[in-house]
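Trainee:
Written out as structure tokens, the structure reads:
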């Protein structure tokens, strides 16, 4: 609670002192950093680079065509975040930025990239009424307006992906599956959606967790799949992790034959 009050005081200080312009803060991953297994999509970093370019272009166009908010020009600042650390890092960077005496009043934030960072930032920026617009966070829990009242996104929720998977299963009259999810927010979010909202349509016979950091499953993959009553394997993971999981399955002789594999990211 003390942290929330601290952020509120910083925001009020900056907003009152600088009234000639407004600023939108952009949160984008730092370039040339190690790949993070916490990303919702393998192409997330590439997408964030494109999103940053579009963000800059939008601000430039607002200046070119004289678009104002309350008669004040729109400016921007970009804060580089790290996708390999937890959301407290992004929160710390925002606090530093808002507390800078050189910054204009911040009226909104574009970003962050991951759902994990939104979990940290969403409730806090909501306390000071700042809209948070993510271009990459897909977790369905973030649609809860009670917990994240000022959160918006320009990318579809995982609930849309889940509906598409259900329609695919229904198209082929599949009613069961073995679900493999990666050990992160994206994987657990998919497992939660499938097990809580579609359990009457698709019965998950086995749940297997894959840890991309240690490159291990929490159970023996081959024996679990061979003893399962289902032969449909649903892999809820980003592309890099999915490729690793499929390679494990290939090495174990589980590709082809009686098994059908479905992945959520390409």
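In my numbering, the protein residues as written are 1 to 266.
C-beta: ideal position from N, C-alpha, C; glycine also.
CB-CB under 6 Å to residue 35, same chain, minus the five flanking residues each way: which ones, in chain order?
Mentor: Confidence at residue 35 is low in this model, with a pLDDT of 49, below 50, so the placement of that residue should be treated as unreliable; the coordinate-derived value is given next. Answer for residue 35: no residue qualifies.
Trainee: Which word fits residue 138, buried or exposed, when buried means at least 16 other C-beta atoms lie within 10 angstroms of its C-beta?
Mentor: Residue 138 is buried by the Cβ-count criterion.
Trainee: Please tell me whether residue 233 and residue 259 are closer than 8 Å, where the distance is taken between their beta carbons.
Mentor: Cβ distance < 8 Å, so residue 233 and residue 259 count as in contact.
Trainee: Starting from residue 207, trace the alpha helix (DSSP H) in both directions and tell me its first and last residue.
Mentor: From DSSP, residue 207 is part of no alpha helix (DSSP H) but of the beta strand (DSSP E) over 203-211.
Trainee: With 16 as the cutoff for other CB atoms within 10 Å, does residue 237 come out buried or exposed?
Mentor: Counting Cβ neighbours within 10 Å, residue 237 comes out buried, since at least 16 surround it.
Trainee: From residue 247 to residue 108, what distance separates their C-alpha atoms?
Mentor: Cα to Cα, residue 247 sits roughly 43 Å from residue 108.
Trainee: Does the stretch 182-201 come within contact of the stretch 107-126, defined as at least 3 CB pairs closer than 8 Å?
Mentor: Flag = yes, the stretch 182-201 and the stretch 107-126 touch.
Trainee: For residue 251, which residues from the same chain have a beta carbon less than 7 Å from its beta carbon, with the 5 sequence-adjacent residues on both sides left out?
Mentor: Closer than 7 Å at the Cβ level, and outside the excluded window around residue 251, lies no residue.
Trainee: Using a threshold of 8 Å, state whether the C-beta atoms of residue 191 and residue 111 are closer than that.
Mentor: It is not a contact, given that the beta carbons lie outside the stated cut-off.
Trainee: Could you work out which residue in 226, 177, 166 is closest to residue 257 when comparing CA atoms only?
Mentor: For residue 257, the nearest C-alpha among the options comes from 226.
Trainee: Using the rule of at least 16 other Cβ atoms within 10 Å of the residue's Cβ for burial, across every protein chain shown, is residue 164 buried or exposed?
Mentor: So residue 164 ends up on the exposed side.
Trainee: Does the beta-carbon of residue 267 have 16 or more other beta-carbons within 10 angstroms, so that it is buried, or is it exposed?
Mentor: Residue 267 cannot be examined here, being either before or after the span of the chain that is shown, 1 to 266.
Trainee: Shortest alpha-carbon distance to residue 134 belongs to which of 128, 23, 142?
Mentor: For the residues 128, 23, 142, the minimum Cα distance to residue 134 belongs to 142.
Trainee: Go to residue 81, then tell me how far its beta strand (DSSP E) extends in each direction, as first and last residue.
Mentor: Where residue 81 is concerned, the enclosing beta strand (DSSP E) stretches over 74-81.
Trainee: Between the beta-carbon of residue 159 and the beta-carbon of residue 140, is there less than 8 Å?
Mentor: Cβ distance < 8 Å, so residue 159 and residue 140 count as in contact.
Trainee: Suppose you measure from the CA of residue 47 to the CA of residue 151; what does that come to, to the nearest Å?
Mentor: Going by the C-alpha atoms only, they are around 19 Å apart.
Trainee: So within the stretch 149-206, which uninterrupted alpha helix (DSSP H) runs reach at least 4 residues, ignoring any that extend past its ends?
Mentor: If we require 4 residues or more, the alpha helix (DSSP H) runs fully inside the stretch 149-206 come out as 158-171, 185-197.
Trainee: For residue 25, which residues in the same chain have their Cβ closer than 6 Å to its Cβ, ignoring the five residues on either side in sequence?
Mentor: So the qualifying residues of the chain are 77, 106, 109.
Trainee: Quick one, are the C-beta atoms of residue 180 and residue 245 less than 8 Å apart?
Mentor: For residue 180 and residue 245, yes; Cβs fall inside 8 Å.
Trainee: For the stretch 110-136, which segments carrying the beta strand (DSSP E) assignment without a break, of at least 3 residues, lie completely within its bounds, in sequence order?
Mentor: If we require 3 residues or more, the beta strand (DSSP E) runs fully inside the stretch 110-136 come out as 132-134.
Trainee: Near residue 215, what residues of its chain come up, given a Cβ to Cβ distance below 8 Å and the 5 sequence neighbours on each side ignored?
Mentor: Cβ neighbours of residue 215 beyond the five flanking positions: 244.
Trainee: For residue 196, which residues of its own chain have a beta-carbon under 7 Å away from its beta-carbon, when the five flanking residues on both sides are left out?
Mentor: Nothing meets the Cβ criterion.
Trainee: So, using beta-carbon positions, are residue 72 and residue 21 closer together than 8 Å?
Mentor: Yes, these two residues count as a Cβ contact at 8 Å.
Trainee: Within 10 Å of its beta-carbon, does residue 249 have 16 or more other beta-carbons around it, so buried, or fewer, so exposed?
Mentor: Buried: at least 16 other Cβ atoms inside 10 Å.
Trainee: Mark residue 167 as exposed unless 16 or more other C-beta atoms lie within 10 angstroms of its C-beta, in which case mark it buried.
Mentor: So residue 167 counts as exposed.
Trainee: Give me the Cα-Cα distance between residue 221 and residue 208, rounded to the nearest whole angstrom.
Mentor: Roughly 8 Å separates the two Cα atoms.
Trainee: Residues in its own chain within less than 7 Å of residue 101 by CB, not counting five upstream and five downstream?
Mentor: Only weak support exists for where residue 101 lies, its pLDDT of 49 falling under 50; the value from the coordinates is given anyway. The answer is none, since no qualifying residue turns up.
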